[in-house]
Amino acid sequence: MVQTLGCVVMAAGNARRFGENKLAAGVGGRSLILRALEAVPREKFEQVAVVTQYPEVLELAERFRFSAVRNEHPDWGISHTIRLGLESLGGCAAAMFLVGDQPLLKRESVKALVELWRSQPEKIAALAHGGVRGNPCVFPARFFPELLELREDHGGNTVIRRHEEDLVLLEVPEEELTDVDTPEALKGLKP
4 MVQTLGCVVM AAGNARRFGE NKLAAGVGGR SLILRALEAV PREKFEQVAV
54 VTQYPEVLEL AERFRFSAVR NEHPDWGISH TIRLGLESLG GCAAAMFLVG
104 DQPLLKRESV KALVELWRSQ PEKIAALAHG GVRGNPCVFP ARFFPELLEL
154 REDHGGNTVI RRHEEDLVLL EVPEEELTDV DTPEALKGLK P
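Next comes the structure, spelled out in structure tokens:
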């Protein structure tokens with residue numbers, strides 16, 4: 004039996020430390036959000052939802068034929084983005100959460116993470132480097148109630164910490180896990 008898998012691209016943050024919409028910032032001639040959407044292997048997912056507050060990201064999501072989900076309250080924190088994403092996916096057996104500010108993430112790594120989860124569908128699967136967990140992460144549906152109970156800026160880490168014994172990791176090069184929170188971090192990237 005094929006386990007249905009959804010993907011939530013989380014692209015709704017206010018980017019306070021960056022000072023502007025960091026998703027529009029470029030790396031190697033392509034915006035962070037474009038790079039994030041290109042890393043999603045659409046054929047591996049039943050549905051892909053892009054949750055954002057930015058009209059230009061909503062338009063880009065539609066061009067990729069992903070579900071564009073508007074977050075009217077990004078100030079409510081990452082928990083609200085998680086809720087909107089899960090609600091838009093419907094009845095999937097699991098959901099991958101992928102962040103929009105990880106520009107060196109490779110599509111092949113996302114595919115490999117899907118395959119790791121499919122080999123152990125009862126587990127939470129995440130990318131890692133040196134045994135240190137990063138993003139994206141796949142949560143089986145049995146964890147959805149806990150994800151939906153999250154509040155404010157508490158994200159999937161809160162749930163993972165409660166279930167470390169249910170976590171499997173896929174090692175990838177360190178640069179793939181780098182996220183961009185400041186203009187300085189962006190300048191330091193080598194695409």
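Here our numbering is used: the first residue of the sequence shown is 4, the next is one more, and so on. Glycine included, C-beta positions come from ideal geometry on N, C-alpha and C.
Taken atom to atom, the span from the alpha-carbon of V51 to that of G103 is near 13 Å. The beta-carbon separation of K126 and D169, rounded to 5 Å, stays under the 8 Å limit for a contact. If you ignore the 5 residues before and after L116, its C-beta comes within less than 8 Å of the C-beta of M99, A128, A129, L130, P139, V141, L173, all in its own chain and listed in chain order. In this structure, the alpha-carbon of F67 lies about 20 Å from that of V30.
If you ignore the 5 residues before and after I85, its C-beta comes within less than 8 Å of the C-beta of V11, M13, F100, L150, L151, L153, G158, G159, all in its own chain and listed in chain order. Nearest to L119 by alpha-carbon distance, out of E167, V60, V171, is V171. Here L89 really is in contact with F147; their C-beta atoms are around 6 Å apart, less than 8 Å.
The beta-carbon distance between P106 and L35, rounded to whole angstroms, is 5 Å. This is short enough to meet the 8 Å contact definition. When DSSP states are grouped into helix, strand and coil, T161 belongs to the helix group.
With a cutoff of 8 Å on beta-carbon distance, S82 and E155 are scored as near each other. Here S70 is buried: its Cβ has 16 or more other Cβ atoms, across all protein chains shown, within 10 Å. In this structure, the beta-carbon distance from V113 to P44 falls below 8 Å.
In the DSSP assignment, L170 falls within the unbroken beta strand (DSSP E) covering 170–174. Between G9 and L40, the alpha-carbon positions lie close to 14 Å from each other. Looking at the DSSP output, R86 sits in no beta bridge, so it has no partner there.
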